[in-house]
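Protein chains in written order, with my numbering: chain A, 1 to 481; chain B, 482 to 726. Note that the Cβ used here is the ideal one computed from N, Cα and C, for glycine as well. As the structure is a computational prediction, the values presented were derived from the model and not from experiment. The next block holds one structure in the form of structure tokens; read it before the comments.
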């Protein structure tokens with residue numbers, strides 16, 4: 001990732017987000033509304049919510065045969081007249097896109113919403129070459145005007161209110177202030193319409209690529225991707241190498257789940273199936289079509305059987321909407337492109353486990369993400385796996401042991417757990433020792449050191465003087481009442 | 482006659498022994514005989530969740546040795562049972578002998594409400610409680626053991642009780658073990674929302690099946706002087722008419 005990684009600011013950025021009332025209001029709505037609607041939309045599937053398990057099997061099979069499936073995809077795209085480039089790194093993907101831009105003397109780019117382009121830092125690279133880049137998804141457009149980054153995978157400007165957008169547009173677009181959403185949309189549409197017509201290059205991501213047909217499927221709810229990919233002379237689509245399906249049957253299942261996971265829709269509002277460039281016999285489509293298939297650390301994930309499952313993800317973002325932690329801290333706190341539960345697993349694998357340790361440690365393991373996932377990925381299992389690698393260090397991932405002190409504490413606890421007499425004595429000593437802490441209505445008000453955080457806004461129950469183990473004998477000899 | 486071997490997890494043993502006592506009284510009333518292996522300690526979940534699997538495996542071996550000759554093991558915590566049933570086998574990927582022993586003991590370890598409803602077929606326990614009660618779904622019990630209807634079946638049949646669902650009863654309370662002390666701001670923001678939902682329900686008492694979550698909820702309620710009672714389901718079900726409320 002070429003953009004600045006701020007994963008080590010997770011704690012302070014979380015705190016700032018929690019104190020932001022506007023953000024809290026927006027996140028609350030996503031969680032109470034969209035998360036529930038998504039669950040309902042899974043239940044309404046003809047096959048029922050079990051289709052998620054079928055989809056998991058499909059993804060497993062595809063990812064296990066990724067080399068074959070990608071080879072077939074590339075061959076089909078080329079057969080359809082498109083160009084394919086396998087980029088090992090973000091830098092290679094950017095350089096290739098810049099080459100194409102140079103070749104077509106591109107001055108202006110219109111972009112459909114794409115997280116993978118965020119991942120590789122494409123916009124600043126294009127701008128550095130003097131190319132004007134215009135995001136065309138309304139949410140992405142808003143944050144581009146504001147000079148910010150997306151805070152949600154499919155609702156990038158969820159952290160902004162309509163009043164903020166109104167002020168932003170008034171300031172940057174020279175229009176009178178309004179906070180009426182339809183009017184704001186009209187303003188953006190008017191500003192963007194010219195950009196669509198002037199652009200030489202369209203850039204999009206890829207929701208799913210089909211190896212059997214060699215087509216890309218891209219979805220939007222605004223029609224902006226269709227315009228971005230058909231009006232300019234050249235279209236560059238960028239995909240993470242895992243976003244491929246083997247055939248149309250698999251495509252059907254995954255696409256239905258993607259729409260439901262993303263927005264509780266049966267189908268996205270505007271769906272484009274892009275089969276390559278236009279031509280003399282086929283006037284639709286751009287002069288040239290390029291597909292960039294990005295690795296950028298994915299092969300390394302693929303090679304680790306414990307983490308391979310994260311590549312099943314189709315980026316629907318349902319896990320964000322259901323995650324209680326995301327619901328409090330929002331997307332920016334994760335400090336990298338991918339946020340929420342998917343980011344909590346993926347980011348440490350992409351930027352380094354030590355650097356992004358707080359993302360996988362700072363989750364409650366509640367399991368809501370797995371329940372929400374459109375392809376039933378066991379995200380909590382991988383959060384635990386990351387913690388395991390961090391606990392002892394892992395040379396394969398250049399990961400250092402996160403805390404020797406913490407390890408010692410767990411070693412001591414494990415020793416006690418194996419020695420009941422010492423375990424009992426330890427708890428007894430704790431019950432005596434805790435008397436020094438201030439109490440309120442029977443509970444401890446203030447604790448020191450590593451547990452001080454608990455008592456910042458909560459009390460804690462003290463250890464009992466007589467534990468259950470000492471009470472059982474007298475109890476069990478009593479008569480039944 | 483039913484017989485249960487009790488596994489009373491560390492947090493109840495050390496901090497909330499009255500929950501264990503309530504479970505004993507309840508079982509006595511229902512005619513369930515009990516034994517309590519004195520050597521029991523901790524299931525190892527705190528270490529496992531923090532990534533310290535070697536240490537968790539030591540605790541797991543101790544649990545297996547302590548309980549493998551028992552018949553049916555019952556524990557008043559969904560997360561400990563999930564640890565034993567779902568995660569013990571993972572700990573012994575390279576030790577097939579231990580793995581098999583772990584799986585055997587895991588199949589016989591039950592959470593309290595699944596034991597009462599699914600194993601014994603109890604729904605009406607003959608309990609009495611005068612008040613309005615809401616129920617918090619603990620995440621591991623609900624999502625990893627699939628237990629959500631059983632506690633409600635038991636609660637709804639308590640005489641004198643009015644049951645009311647809170648908003649988002651299955652949303653995490655923010656406890657998360659070590660998470661609660663390592664990330665206190667996020668944890669507190671979550672428990673604040675949980676407590677708001679409890680207060681909005683108008684309940685006199687919030688009932689749950691896991692003292693970890695309940696300790697978190699109680700800690701916040703106590704700090705902010707909210708007069709809502711926090712009860713483990715064993716305490717609710719142990720109550721009979723004539724008890725001081």
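By Cβ distance, which residues of its chain are closer than 8 Å to residue i, with the 5 residues on each side in sequence left out?
i: residue 400 of chain A; result: 354, 393
i: residue 18 of chain A; result: 24, 328, 329
i: residue 549 of chain B; result: 582, 585, 586
i: residue 482 of chain A; result: This structure does not reach residue 482 of chain A, given that chain A is present from 1 up to 481, and the question cannot be answered.
i: residue 163 of chain A; result: 179
Leaving out the 5 sequence neighbours to the left and right, which residues in its chain are closer than 7 Å to residue i when beta-carbon positions are compared?
i: residue 166 of chain A; result: 177, 178, 179, 184
i: residue 77 of chain A; result: 84, 214, 276, 291
i: residue 35 of chain A; result: 321, 322, 372
i: residue 710 of chain B; result: 685, 686
Could you tell me which of the options sits nearest to residue i, measuring between CA atoms?
i: residue 168 of chain A; options: A:152, A:147, A:182, A:154; result: A:147
i: residue 526 of chain B; options: B:643, B:541, B:520, B:514; result: B:541
i: residue 696 of chain B; options: B:600, B:619, B:530; result: B:619
i: residue 724 of chain B; options: B:597, B:703, B:610, B:493; result: B:610
i: residue 537 of chain B; options: B:515, B:568, B:558, B:587; result: B:568
i: residue 420 of chain A; options: B:483, B:544, B:535; result: B:544
i: residue 376 of chain A; options: A:239, A:312, A:88, A:175; result: A:312
i: residue 487 of chain A; options: A:449, A:410, A:470; result: No statement about residue 487 of chain A is possible, as the shown extent of chain A runs from 1 to 481 and does not include it.
i: residue 220 of chain A; options: A:82, A:207, A:362, A:232; result: A:207
i: residue 738 of chain B; options: A:11, A:457, A:336; result: In this structure chain B extends from 482 to 726, so residue 738 of chain B is not present and cannot be described.
i: residue 295 of chain A; options: A:335, A:138, A:70; result: A:70
i: residue 95 of chain A; options: A:236, A:452, A:430; result: A:236
i: residue 10 of chain A; options: A:398, A:326, A:410; result: A:326
i: residue 529 of chain B; options: A:256, A:443, A:414, A:132; result: A:414
i: residue 671 of chain B; options: A:378, A:133, A:363, A:239; result: A:363
i: residue 442 of chain A; options: B:492, B:497, B:490; result: B:497
i: residue 284 of chain A; options: A:383, A:234, A:252; result: A:234
i: residue 5 of chain A; options: A:351, A:238, A:472; result: A:351
i: residue 534 of chain B; options: B:500, B:551, B:546, B:572; result: B:572
i: residue 432 of chain A; options: B:566, B:495, B:605; result: B:495
i: residue 688 of chain B; options: B:635, B:518, B:665, B:606; result: B:635
i: residue 380 of chain A; options: B:565, B:577, B:675, B:621; result: B:621
i: residue 299 of chain A; options: A:54, A:63, A:39; result: A:63
i: residue 131 of chain A; options: A:200, A:46, A:33, A:54; result: A:200
Taking residue i and residue j to be in contact with their CB atoms under 8 Å, please state how far apart those CB atoms are, rounded to whole angstroms.
i: residue 427 of chain A; j: residue 467 of chain A; result: 6 Å
i: residue 485 of chain A; j: residue 159 of chain A; result: In the structure as shown, chain A begins at 1 and stops at 481. Residue 485 of chain A is therefore absent and cannot be evaluated.
i: residue 136 of chain A; j: residue 192 of chain A; result: 5 Å
i: residue 114 of chain A; j: residue 203 of chain A; result: 7 Å
i: residue 523 of chain B; j: residue 263 of chain A; result: The pair is not a contact, with the Cβ atoms about 44 Å apart (cut-off 8 Å).
i: residue 651 of chain B; j: residue 678 of chain B; result: The Cβ separation is near 11 Å, so there is no contact.
i: residue 210 of chain A; j: residue 175 of chain A; result: About 42 Å separates the two Cβ atoms, so there is no contact after all.
i: residue 385 of chain A; j: residue 306 of chain A; result: 5 Å
i: residue 52 of chain A; j: residue 257 of chain A; result: 7 Å
Please work out which residues of its chain come closer than 6 Å, Cβ to Cβ, to residue i, disregarding the five sequence neighbours upstream and downstream, and give them in chain order.
i: residue 662 of chain B; result: none
i: residue 13 of chain A; result: 333
i: residue 503 of chain B; result: 715, 716, 719
i: residue 485 of chain B; result: 513, 515, 553, 555
i: residue 265 of chain A; result: 259
i: residue 388 of chain A; result: none
i: residue 195 of chain A; result: 110, 134
i: residue 2 of chain A; result: For residue 2 of chain A, the predicted model reports a pLDDT of 43, less than 50, meaning its position is unreliable; a value from the coordinates is still stated below. Here the set comprises 90, 121.
i: residue 339 of chain A; result: 331
i: residue 480 of chain A; result: In this prediction, residue 480 of chain A has a pLDDT of 46, which is less than 50 and means its spatial position is unreliable; what the coordinates show is noted afterwards. Excluding positions up to five away in sequence, the list is empty.
**Asked** Taking a cut of 7 Å between CB atoms, which residues from the stretch 612-644 of chain B lie near chain A?
**Response** 620, 624, 625
**Message:** Whether or not the stretch 642-660 of chain B and the stretch 603-622 of chain B are in contact is what I'm after, with contact meaning three or more pairs of Cβ atoms, one per stretch, closer than 8 Å; do they touch?
**Reply:** Below 8 Å, enough C-beta pairs join the stretch 603-622 of chain B and the stretch 642-660 of chain B to call them touching: three or more.
**Prompt:** Looking at chain B, which residues of the stretch 403-416 of chain A have a Cβ within less than 8 Å of any of its Cβ atoms?
**Reply:** 406, 407, 410, 411, 413, 414, 415, 416
**Prompt:** Name the residues in the stretch 359-378 of chain A whose C-beta lies less than 8 Å from a C-beta of chain B; which are they?
**Reply:** 361, 362, 363, 364, 365, 366, 367, 368, 370, 371
**Request:** Give, in chain order, every residue of the stretch 318-349 of chain A whose Cβ lies closer than 7 Å to some Cβ of chain B.
**Result:** 324, 325, 328, 329
**Request:** May I ask you to list, following chain order, the residues of the stretch 574-596 of chain B that have a beta carbon less than 8 Å from some beta carbon of chain A?
**Result:** none
**Message:** Using a Cβ distance threshold of 8 Å, determine whether the stretch 367-374 of chain A contacts the stretch 511-518 of chain B, with at least three qualifying pairs required.
**Reply:** no
**Message:** Does the structure place the stretch 574-584 of chain B close enough to the stretch 699-706 of chain B that three or more beta carbon pairs sit under 8 Å?
**Reply:** no
**Near-chain A residues of the stretch 649-672 of chain B - C-beta to any C-beta below 9 Å** = 649, 651, 652, 653, 654, 655, 656, 657, 658, 659, 660, 661, 662, 663, 664, 665, 666, 667, 668, 669, 670, 671, 672
**Request:** Answer yes if the stretch 625-637 of chain B comes into contact with the stretch 586-599 of chain B, meaning at least three C-beta pairs across the two stretches below 8 Å, and no otherwise.
**Result:** yes
**Request:** Determine which residues of the stretch 522-540 of chain B have a Cβ less than 9 Å from any Cβ of chain A, and write them out in chain order.
**Result:** 522, 523, 524, 525, 527, 528, 529, 530, 531, 532, 533, 534, 535, 536, 537, 538, 539, 540
**Message:** Would the stretch 599-606 of chain B count as touching the stretch 341-348 of chain A if we require 3 or more Cβ pairs under 8 Å?
**Reply:** no
**Message:** Which residues of the stretch 7-24 of chain A have a Cβ closer than 8 Å to any Cβ of chain B? Give them in chain order.
**Reply:** 11, 14, 15, 18
**Request:** Mind checking the stretch 172-197 of chain A against chain B and listing, in chain order, the residues whose C-beta falls within less than 8 Å of any C-beta there?
**Result:** none
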